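Residue numbers (this note's numbering): 6 to 440.
Here you go:
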């Protein structure tokens with residue numbers, strides 16, 4: 006499923022539409038090249054009234070020299086709020102049409118998404134590609150981006166899941182974009198990045214050659230012709246992988262809140278069956294309302310919040326479990342016991358029921374145009390579009406149906422034997438007059 010590390014969400018994302026029963030895409034996906042560089046994936050469904058438009062780039066969150074954490078976030082936001090030739094920014098245009106814009110910044114990629122009424126799709130394709138393929142970033146746009154980032158930075162200090170993701174990745178990856186948070190919490194770190202640096206980064210990272218345009222919902226190929234910006238003649242960046250620490254170690258950290266994070270180094274996206282097996286494990290143990298661990302905590306009326314996911318990355322993927330609330334260390338032991346139990350094959354009846362539930366959840370999570378556009382963009386940027394859940398004739402469902410108890414147990418023993426653990430402890434609040 007869509008396994009992602011914590012992102013710096015630069016603008017409010019769309020709430021997922023609740024669907025009673027999973028359905029399939031009305032038409033198969035279409036792939037092609039954009040007229041001025043880059044590629045597109047079209048996922049049409051004429052039965053809906055909305056269109057989801059996305060641009061996805063391979064862009065290192067800490068800059069191409071790993072020296073400026075946060076530059077990708079600032080550049081992505083500044084491009085969205087910079088005025089276009091019409092005088093309106095992309096952000097203003099989307100909202101004037103009754104839509105919503107989201108910007109998701111990860112260590113290695115950036116995704117910009119708009120959900121709009123279907124008749125507006127062509128206008129948004131033109132505006133979005135103009136904003137990013139030909140960015141014109143000034144001091145005013147950077148000021149807005151910094152203010153937005155500062156607010157998000159404060160917010161994320163109180164989100165155990167986000168904090169623990171960043172700390173775990175720091176322990177696992179020796180350097181490279183994954184070693185750094187997509188958004189630093191320090192305001193000084195953000196203000197030290199100049200408008201010139203941000204503009205230069207945007208022109209390099211957001212060029213058309215480095216883009217995948219995704220269109221889902223009530224869309225058709227005519228929208229592709231709305232792309233009028235871009236240089237062409239180049240190629241997409243190679244995936245921005247990060248080297249792993251030789252011997253990743255557990256750690257302790259202080260922050261605004263308490264929490265415990267656990268992580269395991271998993272397979273790359275190219276090892277589709279093993280990655281799918283770990284998606285299955287995360288779904289079986291930690292899915293909200295149905296996961297084995299989740300239900301056990303609900304029965305105990307525990308205040309603990311456990312979030313578990315396999316984050317599908319180019320190389321390697323990472324299994325992450327974060328724990329917040331009360332009695333984190335006791336919950337940690339419950340998590341470890343549950344994963345240890347899966348080192349032995351599940352009985353056939355239990356496994357088959359869990360696999361069918363997993364397949365249902367995959368279908369349910371790839372229903373809305375926004376979900377489908379995001380999926381297509383994420384898996385394209387990570388290097389394996391054909392493995393994206395929901396792709397017609399794709400390999401994800403086939404791999405899921407081929408899982409069996411023995412294979413899942415083998416994968417658990419191989420990848421989930423020894424976690425990296427980060428204990429996050431709330432520090433005592435400082436007095437206002439302290440320096």
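Virtual Cβ for every residue (Gly too), placed ideally from N, Cα, C. Bear in mind that the values here come from a model prediction, so they are computed numbers and not experimental data.
Residue i versus residue j - alpha carbon distance
i, j, result
"residue 428", "residue 72", "27 Å"
"residue 249", "residue 183", "10 Å"
"residue 402", "residue 288", "15 Å"
"residue 112", "residue 93", "29 Å"
"residue 86", "residue 109", "15 Å"
"residue 204", "residue 353", "56 Å"
"residue 425", "residue 186", "17 Å"
"residue 77", "residue 301", "40 Å"
"residue 282", "residue 357", "13 Å"
"residue 25", "residue 274", "Only weak support is given to the placement of residue 25: the predicted model assigns it a pLDDT of 35, under 50, and the question is left unresolved by the model."
"residue 195", "residue 220", "32 Å"
"residue 260", "residue 414", "36 Å"
"residue 399", "residue 408", "16 Å"
"residue 386", "residue 264", "31 Å"
"residue 44", "residue 318", "20 Å"
"residue 130", "residue 431", "45 Å"
"residue 162", "residue 63", "26 Å"
"residue 179", "residue 52", "47 Å"
"residue 280", "residue 323", "10 Å"
"residue 247", "residue 316", "14 Å"
"residue 96", "residue 90", "14 Å"
"residue 416", "residue 99", "44 Å"
"residue 42", "residue 218", "11 Å"
"residue 38", "residue 262", "47 Å"
"residue 166", "residue 40", "40 Å"
According to DSSP, residues forming a beta bridge with residue i
i, result
"residue 55", "122"
"residue 105", "120"
"residue 370", "Beta-bridge pairing links residue 370 to no other residue."
"residue 428", "257, 265"
"residue 329", "310"
"residue 315", "324"
"residue 249", "178"
"residue 459", "In the structure as shown, the chain starts at 6 and stops at 440, and residue 459 therefore has no counterpart that could be examined."
Continuous alpha helix (DSSP H) stretch holding residue i: start and end
i, result
"residue 113", "From DSSP, residue 113 is part of no alpha helix (DSSP H); its letter is neither H nor E."
"residue 73", "It is not in any alpha helix (DSSP H) - residue 73 carries neither H nor E in the DSSP assignment."
"residue 158", "144-162"
"residue 233", "Per DSSP, residue 233 belongs to no alpha helix (DSSP H) and is neither H nor E."
"residue 278", "277-291"
N-terminal and C-terminal residue of the beta strand (DSSP E) that residue i is part of
i, result
"residue 221", "216-222"
"residue 48", "44-49"
Same chain only: Cβ atoms within 6 Å of residue i, ignoring 5 sequence neighbours per side
i, result
"residue 126", "56, 224, 228"
"residue 6", "Caution is warranted here: a pLDDT of 49 is assigned to residue 6, below 50, making its placement in the model unreliable, and the coordinate value is therefore given only provisionally. Only 284, 367, 370, 394 meet the Cβ criterion."
"residue 278", "404"
"residue 305", "none"
"residue 192", "155"
"residue 206", "76, 80"
"residue 239", "214"
Cβ shell of residue i (< 7 Å), same chain only, five flanking positions each side left out
i, result
"residue 297", "289, 290, 343"
"residue 384", "390, 392, 393"
"residue 27", "With a pLDDT of only 41 at residue 27, under 50, the local geometry of the prediction cannot be trusted, and no value is derived from it."
"residue 146", "83, 86, 87"
"residue 222", "50, 53, 55, 56, 57, 123, 374"
Backbone secondary structure at residue i - three-state DSSP
i, result
"residue 324", "strand"
"residue 345", "helix"
"residue 211", "coil"
"residue 37", "strand"
"residue 63", "strand"
"residue 203", "helix"
"residue 182", "helix"
"residue 272", "coil"
"residue 94", "strand"
"residue 410", "helix"
"residue 351", "coil"
"residue 298", "helix"
"residue 99", "helix"
"residue 194", "helix"
"residue 27", "At residue 27 the pLDDT is 41, less than 50, meaning the model places this residue with poor confidence and gives no usable figure here."
"residue 241", "coil"
"residue 423", "coil"
"residue 387", "coil"
"residue 227", "helix"
"residue 393", "coil"
"residue 188", "coil"
Same chain only: Cβ atoms within 8 Å of residue i, ignoring 5 sequence neighbours per side
i, result
"residue 351", "359, 410, 413, 414"
"residue 33", "397, 398"
"residue 122", "54, 55, 56, 102, 103, 104"
"residue 176", "250, 253, 254, 255, 256, 268, 425, 427"
Any non-hydrogen atom of the ligand ADP within 8 Å of residue i CB
i, result
"residue 285", "Among the components of this structure there are no ligands whatsoever, and the ligand ADP is therefore not found."
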